[in-house]
Amino acid sequence: MIGAFFDIDGTVMRESIMLKHFNKLVKYGIIDEEAYLKNLKAKYEAYERRYGDYDDFISEMGNVYKDKLKGIHKSLIMETAKQVIREGGDLVYAYTRDRIKYHKSKGHKVFFVSGSPDYLVELLGEMYNVDDTQGTEYIFKDEIFTGEITQMWDSKSKQREITRLVTKHDIDIDESYAYGDTNGDYSMLKMMKHATAINPSKRFLEKINSDEELAKRTDIIVERKDVIYKLNSDVEQYILSEK
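Printed below as a string of structure tokens:
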């Protein structure tokens, strides 16, 4: 069986679904706004102005998100999560939306594999009717979030979970596809025959370029406005130089 493995944030979705959920929780007063202002605002603005690193911002946001959710009832988390997916689940890149349709039309199994919370990943997976999902596990006890997670945003953790999905669904990795945008997706692209980097971060381009075998078989896709660019596999020339 051929599989197609998609990262979500920055690959399928144009923005992080965890960030969207974080903002929704702040809006409803479930998480205090100070959590954003004190811990995240500076990092986000640095990234927006291209002085900061996206991976650093997302990592810090994940820590704040987890800490601020501790002790909150699952019903509140799930209701706001459903709103986020219902309101913004279709704000995706045209390229990956079309690739999902393509793989389904070919009878391939489609998977969402993301470092975002498992409940958000699962809800988005239901919206796009994918075959299976895996996200960072958020652990609840008596319907209350414990503050504990089994994280899955690094490359090693993703490799572990993708291997599990490959075994569970009898996937032929020598014929399968992977789509990602940051370093956490490296193992996913490395495992599958057909590798595609979507709007890749500078760090990810550097990592791909350092792996001669992977660089030769990776398509680089950049989507801006209503135009999709497909670059060749010689990624070195596309890495931004240091200012």
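Quick note: to get this note's numbering, add 124 to the position in the sequence shown (first position is 1).
For glycine and all other residues, C-beta sits at the position ideal for the given N, C-alpha and C.
Keep in mind the model is a prediction, meaning the values are calculated, not measured.
1. If we call anything under 8 Å between Cβ atoms a contact, is His293 one with Thr204?
2. Among Ser140, Gln207, Gly195, Asp222, which one has its Cα closest to the Cα of Tyr152?
3. Check the C-beta distance from Ser311 over to Gln275 and give it rounded, since I have them as a contact under 8 Å.
4. Does Ser238 have its Cβ less than 8 Å from a Cβ in chain B?
5. Using CA coordinates, which residue listed in Leu313, Arg327, Tyr252 is at the minimum distance from Thr342?
6. Would you mind working out which of Met315, Met316, Asp305, Ile352 sits nearest Glu139, comparing C-alpha positions?
7. Excluding the five sequence neighbours on either side, which residues of its own chain have a C-beta within less than 7 Å of the C-beta of Gly213, listed in chain order?
8. Straight-line CA distance for Pro241 to Phe269?
9. Just curious, the beta strand (DSSP E) that His318 is in, first and last residue?
10. For Thr342, report the span of its beta strand (DSSP E) as first-last.
11. What are the boundary residues of the beta strand (DSSP E) that Ser238 is part of?
12. Considering only the alpha carbon of each residue, which of Glu299, Lys326, Leu244 lies closest to Arg210?
13. Find the nearest neighbour of Ala166 within the set Ile154, Phe181, Lys198, judged by alpha-carbon distance.
14. Quick one, are the C-beta atoms of Tyr301 and Thr220 less than 8 Å apart?
15. In angstroms with no decimal places, state the Cα-to-Cα distance between Lys331 and Glu267.
16. Shortest alpha-carbon distance to Gly231 belongs to which of Val150, Leu215, Ala128?
17. Excluding sequence positions up to five away, which residues of its chain have a Cβ less than 7 Å from the Cβ of Leu338?
18. Please classify Tyr353 as buried or exposed, where buried requires at least 16 other C-beta atoms within 10 Å of its C-beta.
19. Between the beta-carbon of Ile132 and the beta-carbon of Ser199, is there less than 8 Å?
20. Contact check, Ile141 vs Leu149 under 8 Å by CB: the rounded distance?
21. Which partner residues of Val216 appear in the DSSP bridge assignment?
22. Determine the direct distance from the alpha carbon of Val136 to that of Asn147, and round the result to whole angstroms.
23. Confirm, please, whether the CB-CB distance from Ile345 to Met316 is below 8 Å.
Considering the structure as presented:
1. At the C-beta level, His293 and Thr204 stay beyond 8 Å of one another.
2. If we check each option's Cα against that of Tyr152, Gln207 comes out closest.
3. Not confirmed; about 15 Å, so no contact.
4. Here there is only one protein chain, and chain B is not present.
5. Nearest of Leu313, Arg327, Tyr252 to Thr342, Cα basis: Leu313.
6. Glu139 has its Cα closest to that of Asp305, out of Met315, Met316, Asp305, Ile352.
7. Here the set comprises Leu248, Met251.
8. Whole-angstrom Cα-Cα distance: 12 Å.
9. Its beta strand (DSSP E) spans residues 318-322.
10. Annotation: the continuous beta strand (DSSP E) that includes Thr342 extends over 342-348.
11. Membership of Ser238 in the beta strand (DSSP E) is indicated by the continuous run 233-241.
12. Taking only the C-alpha atoms, the option nearest Arg210 is Leu244.
13. Measuring from the Cα of Ala166, the nearest candidate turns out to be Phe181.
14. For Tyr301 and Thr220, no; Cβs fall outside 8 Å.
15. Per the coordinates, the alpha-carbon of Lys331 lies some 40 Å from the alpha-carbon of Glu267.
16. If we check each option's Cα against that of Gly231, Ala128 comes out closest.
17. In the same chain as Leu338, and ignoring 5 residues on each side of it, the C-beta atoms closer than 7 Å to its own belong to Leu313, Lys314, Ala319, Ile332, in chain order.
18. Under this definition Tyr353 is an exposed residue.
19. Cβ distance not < 8 Å, so Ile132 and Ser199 don't count as in contact.
20. At roughly 13 Å, the Cβ-Cβ gap does not stay under 8 Å, so Ile141 and Leu149 are not in contact.
21. Val216 is bridged to Met137.
22. Each residue's Cα considered, the two are about 19 Å apart.
23. Judged by beta-carbon spacing, Ile345 lies beyond the 8 Å limit of Met316, meaning their Cβ atoms are not closer than that value.
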